[in-house]
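Visitor: Questions regarding the structure given below will be posed in turn.
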């Protein structure tokens, strides 16, 4: 290991140690409460500082004037102007702006988090009382990290009918690359919202797919278009909603949810359904609507 890598490793360990010590839930709830409130000049100062600090491109926003946002959450979950993210002519499109943390094959029931770290599909989904995790054995996954500067709405990779939603309580570590390298089972430990859908291929074959919205430190809440804000509340137990009796179908590219302060989305696909685009690899920046994959023959 070179000197630079040793320094980075020491800094990573120090940052992770600090996260273990910090009152992550208290900080997150405080940040969420402040982000929801219209605080006038304080809100405007926070928004302008955030834009400058992270280089947010407001020219893409439907409302490019920072002063038009009454709360920080309004700014953070801002809509894009029409045409800013055209959909590729692809069977699967990328659901978010961000970067690929990891992607590829699910090895039996294990998903790669970072070098030396894996976690199971069942753990990510919040348990497997009904045996549903087996559908993704030897399937395909993509873990997509949304940085603070990114657009924070989440869209459908393909048309899907909503089957169920699960809110899984957990801790609230950061999900940045350094933490992913250093905290075992990170995405299966953090608070998350698991959204199950049924899709249909060009040949009529139906298949399950999952979008997992992973919370993190300072992520005040997560919301879906059919439910609204999922958390808070945070009752400390798994909560489930069944939508089999309702025809809630979202088209490819439609908004399905958003982060109120951002995090990570994990896409799970069963085996034999689709392959990821050849140029998808860890570290690659991605944009919502670009080609993500195609159906397998």
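In my numbering, the protein residues as written are 12 to 308. Positions of the beta carbon are idealized from the N, C-alpha and C atoms, including for glycine. In this text the structure is predicted, and so the values were computed from the model without any measurement.
1. Taking 9 Å as the cut-off, decide whether the C-beta atoms of residue 302 and residue 99 are in contact.
2. According to DSSP, residue 86 sits in a beta bridge with which residue or residues?
3. Run through DSSP, which three-state label would residue 274 get?
4. Return the chain-ordered ranges of every alpha helix (DSSP H) run that is complete within the segment 201 to 241 and spans a minimum of 4 residues.
5. Using the beta-carbon count (16 or more within 10 Å), is residue 65 buried or exposed?
6. Write down the C-beta distance between residue 251 and residue 177 rounded to the nearest angstrom, noting that I regard them as a contact closer than 8 Å.
7. Under 9 Å between the Cβ atoms of residue 179 and residue 202?
8. Need the endpoints of the alpha helix (DSSP H) that residue 55 sits in, please.
9. Please work out which residues of its chain come closer than 8 Å, Cβ to Cβ, to residue 157, disregarding the five sequence neighbours upstream and downstream, and give them in chain order.
10. What is the DSSP secondary structure of residue 309, reduced to helix, strand or coil?
11. Taking the C-alpha atoms as reference points, what is the distance between residue 122 and residue 105?
12. Quick check: the Cα distance between residue 152 and residue 295, rounded to an integer number of angstroms?
Guide: On the basis of the supplied data:
1. Numbered from its first residue, the chain shown carries residue 302 at position 291. Numbered from its first residue, the chain shown carries residue 99 at position 88. Yes, the pair counts as a contact, with Cβ atoms nearer than the cut-off.
2. Within the chain shown, numbered from 1, the residue matching residue 86 stands at position 75. None; residue 86 has no bridge partner.
3. Within the chain shown, numbered from 1, the residue matching residue 274 stands at position 263. Residue 274: coil per DSSP, three-state reduction.
4. none
5. Residue numbering aside, residue 65 sits at position 54 when the chain shown is read from its first letter. Label assigned to residue 65: exposed.
6. For the purposes of this step, residue 251 is taken as the residue at position 240 of the chain shown. For the purposes of this step, residue 177 is taken as the residue at position 166 of the chain shown. Contact holds; Cβ gap of about 5 Å.
7. In the chain shown, the residue the question calls residue 179 occupies position 168. In the chain shown, the residue the question calls residue 202 occupies position 191. Against a cut-off of 9 Å, the Cβ pair of residue 202 and residue 179 comes out as a contact.
8. Here the question's residue 55 lines up with position 44 in the chain shown. Per DSSP, residue 55 belongs to the alpha helix (DSSP H) from 52 to 65.
9. For the purposes of this step, residue 157 is identified with residue 146 of the chain shown, where counting begins at 1. Around residue 157: 107, 108, 109, 163, 270, 273, 274, 275 and 276.
10. As shown, the chain starts at 12 and ends at 308. That puts residue 309 outside it, with no answer to give.
11. Start at 1 with the first residue of the chain shown, and residue 122 comes out as number 111. Start at 1 with the first residue of the chain shown, and residue 105 comes out as number 94. Going from the Cα of residue 122 to the Cα of residue 105 covers about 19 Å.
12. Walking along the chain shown from the start, residue 152 turns up at place 141. Walking along the chain shown from the start, residue 295 turns up at place 284. Taking the straight line joining both Cα atoms gives about 15 Å.
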